[in-house]
Each structure stands twice: as C-alpha cells, then as structure tokens.
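Okay, so here's the structure we're looking at.
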Amino acid sequence: HGSRGQAEKYGIRQVHGPVALLDGRGAVSTSVHSWEELAALPAGLEYAFISPVFDSISKPGYMANSSLLEQVKGEWPCLPVGLGGINAATIGEMLRSGWKGAAVLGWIWEEPGKAVSRFRELKKIIDEY
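Going by our numbering, the residue at position 100 of the sequence shown is 103; the numbering climbs one at a time, nothing skipped.
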C-alpha cells in the first residue's frame with residue numbers, strides 16, 4: 004500500500020488507515036464508529052479511534068453517539084481511543100466511564116494561542132483523576 008511505503012521511507016512505524024494495512028511490518032491503527040465495529044476488528048491493531056463520543060468541535064454537525072459512553076469496558080481487539088468533542092468539560096465524563104484513551108483535536112486548536120494552556124488543562128484533569 005502507498006501509505007505503508009511512505010511510512011517506511013521516512014522511518015515511521017505507525018500508520019493509520021484500513022485494516023488491510025495490518026501486515027506485520029509495523030503498528031496500524033484504524034477508525035470505527037460503534038462498539039460493534041470495534042469488536043469485529045482483527046487482533047494486532049495498536050488502537051482504534053471510535054467516534055464521535057461527544058458533538059464534534061472541528062466537524063460541525065457531526066453529532067455524538069451516546070452509546071459510546073456506555074460500553075467502554077470489555078474485551079476489545081485493541082485499545083479504543085475516544086474522539087469527538089473532547090475538552091476540559093467532557094474529559095472527566097470519559098474518565099468516569101472507563102476510557103483509557105482520548106484524542107483531542109478541535110478544542111486544542113480552535114484557539115491556537117491557547118493550545119498549550121488547553122493541553123495543560125486536560126493533562127491536569129487526567130493526572131488528578
């Protein structure tokens with residue numbers, strides 16, 4: 004695959020994309036939108052983004068899937084990493100629900116001048132949990 008070849012060319016060990024990239028030559032992650040999709044993934048993936056946990060900040064109209072806060076614990080083929088609408092007000096709800104991974108994009112970068120302070124705010128909440 005082209006993305007695997009480019010990753011190898013630049014010494015990148017992790018690629019994100021379709022499960023077809025899972026070939027034993029490095030870490031692979033993918034994206035899903037339900038617990039059922041996550042459960043159906045093959046073993047060997049590093050993690051899977053699962054979204055949207057909350058209403059997206061960077062994608063207006065991409066609304067929360069409320070079931071994503073209900074089934075965090077379980078036997079999964081890889082680490083579920085929540086994505087979508089995560090900020091200082093929602094990260095605590097994720098932690099209380101049992102999430103072990105979260106990806107934050109929109110809230111950090113919607114105000115670039117506050118990116119570092121927002122990151123630190125999230126880190127403090129996580130560290131105190």
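Don't be surprised by glycine CBs; every beta carbon is placed ideally from N, CA and C.
Q) Apart from the five residues on each side of it in sequence, which residues of its chain come closer than 6 Å, Cβ to Cβ, to Ile-89? A) Excluding sequence positions up to five before and after Ile-89, its CB lies within less than 6 Å of the CB of Ala-105 and Val-107, all in the same chain and listed in chain order.
Q. If we count the other Cβ atoms within 10 Å of its Cβ and call it buried at 16 or more, is Gly-14 buried or exposed?
A. Under this definition Gly-14 is an exposed residue.
Q. With respect to the beta strand (DSSP E) encompassing Ile-53, which residues constitute its N-terminal and C-terminal limits?
A. Its beta strand (DSSP E) spans residues 50 to 53.
Q.
Using a 10 Å radius around the Cβ and a threshold of 16 neighbouring Cβ atoms, would you call His-4 buried or exposed?
A. Any answer about His-4 is weak, because its pLDDT of 49 lies below 50 and its placement is not dependable; what the coordinates show is given next. Under the 10 Å beta carbon count, His-4 is surrounded by fewer than 16 other beta carbons and is classified as exposed.
Q | Whole-angstrom C-beta distance between Val-56 and Leu-71, which should lie under 8 Å | A | Their Cβ separation, rounded to whole angstroms, is 5 Å, which keeps Leu-71 and Val-56 in contact under 8 Å.
Q. What is the residue span of the alpha helix (DSSP H) that Gly-85 lies within?
A. First-last for Gly-85: 82 to 86, but that is the beta strand (DSSP E), not the alpha helix (DSSP H).
Q) So what's Val-18 in DSSP terms, helix, strand or just coil? A) Judged by DSSP in its simplified three-state form, Val-18 adopts strand.
Q: State the DSSP-derived secondary structure class of Val-75, mapped to helix, strand or coil.
A: Collapsing the DSSP output to three states places Val-75 in coil.
Q. When burial is assigned at 16 or more other CB atoms within 10 Å of the CB, is Arg-121 buried or exposed?
A. Residue environment analysis places Arg-121 among the buried positions, since at least 16 neighbouring C-beta atoms fall within 10 angstroms of its C-beta.
Q. Of all Cβ atoms in chain C, is any one closer than 7 Å to the Cβ of Lys-127?
A. Of the protein chains in the structure, only one exists, and it is not chain C.
Q: Identify whether Val-56 lies in helix, strand or coil by the three-state DSSP scheme.
A: Val-56 falls in the coil class under three-state DSSP.
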